[in-house]
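Some notes on the structure that comes next.
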Amino acid sequence: MPTRRRALLILLGLAFLALGSLGVALAVGSVALGPGELAALLVGGEGPAADIVWQLRLPRALAGFACGGLLALAGALMQSLLRNPLADPYVLGVSGGAGVGALVAMLLGLAAGLVDALAFAGALAAMLAVFGIAHGDGSWTQTRLLLTGVIVAAGCGAFISLLLALAPEASLRGMLFWLMGDLSPASEWRMPLVVLGSCLLLCLPLARELNLLARGLLEAQALGVAVGRLRFLVYFLAALATATAVTTAGAIGFVGLLVPHGVRLLAGGDQRLLLPASVLAGGALLVAADTLARTVVAPQQLPVGVLTALIGVPVFLLVLARQPR
Amino acid sequence: MSAPLLEARALCVAVAGRPLVQGLDLLVRAGECLAILGRNGAGKSTLLATLAGLRAPRSGDVLLGGESAARLPPRAAALRRAWLGQQRGDPFATTVLETALAGRHPHLGRWDWESEADAQLARAALAEVGLAGLESRGVDTLSGGERQRLAIATLLTQAAPLYLLDEPLSHLDLCHQVAILALFKAMARSRGAGVVMVLHDPGLAYRYCQHALLLYGDGEADSGPVADMLTTQRLTRLYRQPLRCVDLGGGRVFVPEEAGSVSGYPDACS
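Listed below in structure tokens is the structure:
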């Protein structure tokens with residue numbers, strides 16, 4: 001039986017995990033720091049090591065945490081909105097739209113800030129297009145929404161391939177890294193953290209209603225859920241979370257699909273626990289993956305999106321195999 | 326006298342422009358059981374969902390406890406009626422107890438978690454449908470009949486005064502069919518619940534309900550006491566299938582006559 005106490009205990013455990021991943025992210029790199037040194041620097045140290053931690057590692061780690069949390073939250077929301085375990089944040093074409101926007105900006109040689117702006121605009125455009133088309137006749141069924149999203153995503157994918165084919169050699173690498181998902185010390189972290197906090201705060205009071213939505217639209221309505229309003233809100237929150245994450249760090253794969261399922265397998269599917277737990281676990285996973293991405297073959301850096309998949313897939317398969325059926 | 330649990334006034338229900346029910350007036354008071362009978366596709370489920378306020382009627386009004394269902398917020402409606410649909414399906418794994426607890430949703434505040442008292446109610450409801458001891462089982466491990474009874478337990482947990490049941494007996498064996506019907510009859514008799522259920526067996530309807538509503542599928546409907554409604558003549562017309570009625574002291578059984586030497590699927594069914 002789900003209780004608040006059990007949920008809080010699990011969340012506390014995950015919060016420690018997330019803090020641990022942030023600690024490791026701050027300590028590891030070309031200048032390695034012990035726990036004592038790191039603590040001293042955080043309390044108020046000076047010098048080049050402090051600059052590295054405060055200027056380079058902390059913004060990057062916070063951006064990573066925010067993006068991981070946003071993607072996992074969006075994944076969990078999309079899965080219950082579409083009642084489909086295979087749904088992920090990108091299933092409705094939001095990342096495709098962002099990709100088109102970002103690549104067009106890169107192709108035009110625009111500044112980094114404008115790349116982000118165009119990516120966000122592309123994500124919003126895709127989100128509104130999918131909603132507009134699927135909602136067209138008011139039926140807005142899950143299948144219709146899913147199919148519209150898949151088609152818009154496929155269209156964006158084709159357009160992205162076209163842009164890659166047209167792109168000059170020099171900008172190709174940057175484009176590919178963007179598409180695979182990549183963090184850098186210059187990643188914006190304030191906005192994603194604010195969006196993450198707001199989305200989570202707006203979702204939590206709806207969590208029990210989301211539990212009922214999984215049973216079916218009419219079933220949820222019969223139990224007292226204002227289904228239309230709930231779905232509308234969840235759609236826009238999930239899309240906003242995805243758009244923010246993709247704008248910040250590119251289309252990082254697997255976090256949004258694997259983290260909610262991992263949490264479900266370990267702690268159950270109650271959305272009141274699933275949503276905040278996914279945020280913490282997703283954030284921790286992305287911070288850990290990014291730490292690996294910048295250290296395993298240092299000084300070269302790997303795109304973090306590749307790492308999330310490389311870590312996430314075996315961990316997920318392990319959890320799945322361990323699960324008694 | 327308090328308002329009836331359910332009232333339909335000049336209700337018209339249509340699907341894709343095809344009228345299924347026209348000008349229906351209906352009244353269900355506390356303690357009453359009403360059976361809805363009709364052929365496949367006659368509009369029984371659509372009517373039931375409309376009566377539950379889950380679907381807008383083409384015209385006319387549905388009143389739940391004296392208030393228009395169209396104006397009731399979903400939560401308030403959920404405290405006045407519980408609805409059992411035909412579809413079962415939960416794409417994500419949950420346990421039996423968690424599923425039964427879902428019925429407490431309209432009783433809880435936005436930030437509330439289910440209390441021990443709620444769990445007691447859910448356990449009692451599970452025991453009432455013969456699922457005691459299965460609380461921690463995964464729903465995906467249940468049989469079809471067990472899932473059906475779990476859905477009924479969720480309805481009991483909801484504790485609304487009016488039950489709208491769409492084929493409550495589907496997937497149930499004979500023993501459970503009788504037990505579930507007896508359960509709702511007792512709910513009506515001793516706890517003053519109102520029960521409306523879609524049934525396919527006129528004999529069971531005769532035994533467990535006081536009133537019957539026959540839906541002919543073309544907008545026409547008859548309703549009245551079961552003794553008047555469930556007759557060979559009316560049912561033969563309703564199902565387009567010759568029937569023979571066998572009277573047993575206090576009960577009636579309807580036996581279908583054998584189809585003649587017709588080849589292929591009988592036209593009457595379509």
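Protein chains in written order, with the working numbering: chain A, 1 to 325; chain B, 326 to 595. Think of the CB as a built atom: it goes at the ideal place given N, C-alpha and C, for glycine as much as any other residue. Since we're looking at a predicted model, the values are computed, not measured.
Range of the contiguous alpha helix (DSSP H) that encloses residue i
i                : result
Ser370 (chain B) : Lys369 to Leu376
Phe316 (chain A) : Val304 to Arg322
Tyr590 (chain B) : Premise fails: Tyr590 (chain B) is in no alpha helix (DSSP H) and is neither H nor E.
Ile151 (chain A) : Gln142 to Leu166
Pro276 (chain A) : Gln271 to Thr295
Leu344 (chain B) : Rather than Leu, the amino acid found at residue 344 (chain B) in this sequence is Pro. Here Pro344 (chain B) belongs to no alpha helix (DSSP H); instead the beta strand (DSSP E) covers Arg343 to Val353.
Cys199 (chain A) : Arg190 to Cys203
His261 (chain A) : Val255 to Ala267
Gln473 (chain B) : Gly469 to Gln483
Glu460 (chain B) : Careful: Glu460 (chain B) lies outside any alpha helix (DSSP H) and carries neither H nor E.
Pro527 (chain B) : Pro527 to Tyr533
Leu176 (chain A) : Glu169 to Met180
Delimiting residues of the beta strand (DSSP E) encompassing residue i
i                : result
Asp386 (chain B) : Ser384 to Leu389
Leu560 (chain B) : Note, Leu560 (chain B): premise wrong, no beta strand (DSSP E); alpha helix (DSSP H) at Thr557 to Tyr564.
Arg406 (chain B) : Arg406 to Leu409
Asp553 (chain B) : From DSSP, Asp553 (chain B) is part of no beta strand (DSSP E) but of the alpha helix (DSSP H) over Val551 to Met554.
Phe579 (chain B) : Gly576 to Pro581
Ala537 (chain B) : His536 to Leu540
Cross-strand partners of residue i (DSSP beta bridge)
i                : result
Ser515 (chain B) : DSSP output for Ser515 (chain B) lists no bridge partner at all.
Met522 (chain B) : B:Ala360 and B:Leu490
Leu568 (chain B) : B:Pro581
Cys337 (chain B) : B:Ser384
Leu573 (chain B) : B:Gly576
Ala546 (chain B) : B:Leu540
Glu392 (chain B) : B:Leu389
Glu332 (chain B) : B:Leu352 and B:Leu388
Interface partners of residue i on chain A, CB under 7 Å
i                : result
Gly414 (chain B) : Gly216
Arg400 (chain B) : Gly224
Phe509 (chain B) : What Phe509 (chain B) touches in chain A: nothing, since even the nearest Cβ is about 17 Å away.
His430 (chain B) : Arg208, Leu212, Leu223 and Gly224
Gly458 (chain B) : Ordered by position in chain A, no residue passes the 7 Å Cβ test against Gly458 (chain B), which lies about 15 Å from the chain.
Ala452 (chain B) : Those do not exist, as Ala452 (chain B) stays about 16 Å from chain A at its closest Cβ, beyond 7 Å.
Ala444 (chain B) : Met1
Ala403 (chain B) : Ala222, Leu223 and Gly224
Contacts of residue i in chain A (Cβ-Cβ under 9 Å)
i                : result
Ala367 (chain B) : Going along chain A, no residue has its Cβ under 9 Å from Ala367 (chain B), so there is no contact; the nearest lies around 19 Å.
Glu423 (chain B) : Met1, Pro2, Asn211, Gly268, Gly269 and Asp270
Distance cut-off 8 Å: residue i Cβ against heavy atoms of the ligand COA
i                : result
Val227 (chain A) : The ligand COA is absent from the structure shown, which contains no ligands of any kind.
Neighbouring residues, chain B, relative to residue i (Cβ below 7 Å)
i                : result
Arg322 (chain A) : Per Cβ cutoff of 7 Å: no residues; Arg322 (chain A) is ~14 Å from chain B at best.
Thr3 (chain A)   : Trp438
Pro85 (chain A)  : Pro416 and Phe417
Arg264 (chain A) : Phe417
Chain-ordered chain B contacts of residue i [CB-CB under 8 Å]
i                : result
Gln221 (chain A) : Leu379 and Pro399
Contact set between residue i and chain A, taken where Cβ atoms lie within less than 8 Å
i                : result
Ala374 (chain B) : Leu218
Gln483 (chain B) : Leu223
Ala427 (chain B) : Asn211, Leu212, Arg215 and Leu223
Phe410 (chain B) : For the sequence presented, residue 410 (chain B) should be read as Gly rather than Phe. By Cβ distance, chain A contributes Gly216, Leu218, Glu219 and Ala222.
9 Å Cβ cut-off: residues of chain B touching residue i
i                : result
Pro205 (chain A) : Arg435 and Trp436
Inset, instruction - Please confirm if the stretch 266-280 of chain A is in contact with the stretch 47-64 of chain A, defined as three or more CB-CB distances below 8 Å between the two stretches. - result: no
Legend entry - Three or more C-beta pairs below 8 Å linking the stretch 203-221 of chain A and the stretch 26-40 of chain A: no
Legend entry - Touch test, the stretch 235-243 of chain A against the stretch 164-180 of chain A, Cβ-Cβ under 8 Å, three pairs minimum: no
Legend entry - beta strand (DSSP E) segments (min. 3 residues) lying fully within the stretch 14-76 of chain A: none
Legend entry - Inter-stretch contact at 8 Å, needing at least 3 Cβ pairs: the stretch 391-407 of chain B / the stretch 341-348 of chain B: no
Inset, instruction - Give a yes or no on contact between the stretch 280-290 of chain A and the stretch 160-175 of chain A, applying the rule of three or more CB pairs nearer than 8 Å. - result: no
Inset, instruction - Go through the stretch 75-133 of chain A residue by residue and report every complete run of the alpha helix (DSSP H) that reaches 4 residues or more, in order. - result: 94-107
Legend entry - Secondary structure, alpha helix (DSSP H): runs of 4+ residues fully inside the stretch 212-238 of chain A: 217-222
Inset, instruction - Counting only runs of 4+ residues fully inside the stretch 411-450 of chain B, write out the alpha helix (DSSP H) ranges in chain order. - result: 421-426
Legend entry - Three-pair Cβ contact test at 8 Å for the stretch 404-416 of chain B versus the stretch 490-509 of chain B: yes
Inset, instruction - Pair every Cβ in the stretch 91-102 of chain A with every Cβ in the stretch 227-234 of chain A, then say whether three or more of these pairs are closer than 8 Å. - result: no
Inset, instruction - Examine the Cβ distances between the stretch 329-338 of chain B and the stretch 296-311 of chain A and report whether three or more of them are shorter than 8 Å. - result: no
Inset, instruction - Determine, using beta-carbon pairs with one atom in the stretch 351-364 of chain B and one in the stretch 550-564 of chain B, whether at least three such pairs fall under 8 Å. - result: yes
Inset, instruction - Would you check if there are 3 or more beta carbon pairs closer than 8 Å linking the stretch 254-261 of chain A to the stretch 186-194 of chain A? - result: no
Legend entry - Touching by the beta-carbon criterion (3+ pairs, under 8 Å), the stretch 514-532 of chain B and the stretch 480-490 of chain B: yes
Legend entry - Any 3 or more C-beta pairs closer than 8 Å across the stretch 414-432 of chain B and the stretch 501-509 of chain B: no
Legend entry - Stretch-stretch touch, CB-based, cutoff 8 Å, three pairs: the stretch 525-535 of chain B with the stretch 568-581 of chain B: yes
Inset, instruction - Report yes or no: do three or more beta-carbon pairs, one from the stretch 468-487 of chain B and one from the stretch 427-437 of chain B, lie closer than 8 Å? - result: yes
Inset, instruction - Determine contact between the stretch 551-561 of chain B and the stretch 381-393 of chain B, defined as no fewer than three beta-carbon pairs at a distance below 8 Å. - result: no
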